[in-house]
Amino acid sequence: MALRPATPSLNALRAFEAAARHGSFARAATELAVTPGAISQQVANLEGRLGISLFDRNGPQLVLRDAGRAYLPALQKAFDEIEAATLDLLTHGGADRKLVIGALPTLATVWLIPRLARFQTAFPHIRPVIETLSLNFATPNRMPDLGVHQMDVGLYFGNGHWPGFASFKILEEQQIVVAAPGLIAQKDPSDAVDSATLLARYPRLVHTTRPRAWHQWGLANDVVVHGEPGLGFEHFFMLIEAAKSGMGIALLPRILIETALAKGDLEIVVKGSLQASDAYYLICDETRQNDPEITAFRQWLLSEATLAEAAGTNTGVNVS
């Protein structure tokens, strides 16, 4: 049994984390169903054990000191992992050969999940579990984080270069301009309207974490995009539904709307596309890339991407 002599008691760490998050012993006590005095004593015991003051105390208000600010993120991550492991145990009973797959929400919903039954047929001994993998395109450092939900692999968008991760390109992305069938024809039946005029005339729906996408599309197609943007949506699945509902025109990755195009829920309304410099990658910790479950999923995923491309459903399809 491993000894951890430097690790304080779990109760003391929980008290500190809650007090730091709330900035108050009283609010931390309410959350943990104890008295404020008990929280204060636990934090004092922790500070005594460490020999370091974690808070400046100004009456009821707590202010983290530098040491407390440095300590807090690692503790919160550890508590998140404990919570995730516990929920997994309660949900799945600790079954073996599980593969936790983190994926961007829309890619998981419209591309991965419809194909997942084939993976289960091919590898019945591996049980996939899908989690949401977050990505904010507006931030300069878009590092993947597989740790919070103990993800084994991720389907992530970027340039494929992330320190500590092995990455394998799965799908490229090409964005096209679409709308609900009849939206343009109902308001403007003329075929002579140029792209710039059409884009200025109808609401341009926006993906809020890709605020420059319309501008980039315009540069790629020699079109000046005029006017203010329309409604904004954080996820592509929201943007897809807004476009299908006739709320405006949308710039969407073709790979995410092939089914909607085939069913006639959306139609291409402007010629031209935007080929992304980044792509969708399968990622995993570089030390685990040869794990049997990860290798099986990688090979299956690459074969599915190849089939999709051969069928003309990859983003490499030219829209003109």
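For the sequence shown, position 122 matches number 150 in the numbering used here, and the numbering has no gaps at all.
Beta carbons are placed, not taken as given, at the ideal position from N, Cα and C, and that holds for glycine.
Predicted model only: the values in this text are computed from it and were never measured.
(1) With DSSP as the reference, please indicate the residues paired to D84 in a beta bridge.
(2) Provide the residue span of the alpha helix (DSSP H) that contains A224, from first to last.
(3) So, at 7 Å on beta carbons, what are the nonlocal neighbours of A220 in its own chain, with the 5 sequence-adjacent residues on each side left out?
(4) From N318 to K272, what does the alpha carbon distance come to, in whole angstroms?
(5) Could you name the residues that DSSP lists as bridge partners for G188?
(6) How about Q203 and A241: do their beta carbons lie closer than 9 Å?
(7) Give me, in chain order, the residues of the same chain whose beta-carbon lies closer than 7 Å to that of I154; leave out the 5 immediate sequence neighbours on both sides.
(8) Does the Cβ of P281 have 16 or more other Cβ atoms within 10 Å, making it buried, or fewer, making it exposed?
(9) Check whether the segment 249-266 touches the segment 183-191, taking contact to mean three or more Cβ pairs, one atom from each stretch, closer than 8 Å.
(10) Roughly how many whole angstroms lie between the Cα atoms of I110 and S305?
(11) Mapping DSSP to helix, strand and coil, what is T35?
(12) Starting from E200, trace the beta strand (DSSP E) in both directions and tell me its first and last residue.
(13) On a Cα-Cα basis, can you pick out the residue from P209, Q244, I296 that is closest to G274?
(14) Which residues share a DSSP beta bridge with T309?
(15) Jot down the residue ranges of each uninterrupted alpha helix (DSSP H) in the segment 230-268, minimum 4 residues, whole runs only, in chain order.
(16) Can you tell me the Cβ-Cβ gap for A56 and A46, rounded? I've got them flagged as a contact below 8 Å.
(17) Mapping the DSSP letters down to three states, classify S301 as helix, strand or coil.
(18) Check whether the Cβ atoms of L335 and L135 sit closer than 9 Å, and answer yes or no.
(19) Would you tell me roughly how many angstroms separate the C-alpha atoms of Q303 and E262, rounded to the nearest one?
(20) What are the start and end residues of the beta strand (DSSP E) that includes G130?
(21) Reducing DSSP to helix, strand and coil, say where A336 ends up.
(22) Does DSSP put A278 in a helix, in a strand, or in coil?
(23) By how many angstroms is the C-alpha of E269 removed from the C-alpha of V138?
(24) So, are the CB atoms of Q178 and A112 less than 9 Å apart?
(25) For A48, does the count of other Cβ atoms within 10 angstroms reach 16, so buried, or fall short, so exposed?
(26) How is the alpha helix (DSSP H) around T315 delimited, first residue to last?
(27) Give me the residue from G96, F44, G192, R77 with the minimum Cα distance to A66.
Taking the definition as stated:
(1) According to DSSP, which records beta bridges pairwise, D84 is partnered with V91.
(2) 223-229
(3) Low confidence applies to A220: its pLDDT is 47, below 50, so where it sits in the model is not reliable enough to give any reading.
(4) 42 Å
(5) According to DSSP, which records beta bridges pairwise, G188 is partnered with nothing at all.
(6) yes
(7) R125, L127, E321, A324
(8) buried
(9) no
(10) Cα to Cα, the separation comes out at about 37 Å.
(11) coil
(12) Note, E200: beta strand (DSSP E), 193-207.
(13) Per the Cα distances, P209.
(14) Just to set this straight, residue 309 is Tyr in the shown sequence, not Thr. Answer is Y184, K197.
(15) 241-249
(16) 4 Å
(17) strand
(18) With contacts defined as CB atoms closer than 9 Å, L335 and L135 fail to qualify as a contacting pair.
(19) One alpha carbon belongs to Q303, the other to E262, and they sit about 21 Å apart.
(20) Run containing G130: 126-131, per the beta strand (DSSP E) assignment.
(21) helix
(22) Note: A278 maps to strand in three-state DSSP.
(23) 12 Å
(24) Taking 9 Å as the Cβ cut-off, Q178 and A112 qualify as a contacting pair.
(25) buried
(26) Per DSSP, T315 belongs to no alpha helix (DSSP H) and is neither H nor E.
(27) The candidate whose alpha carbon is nearest that of A66 is F44.
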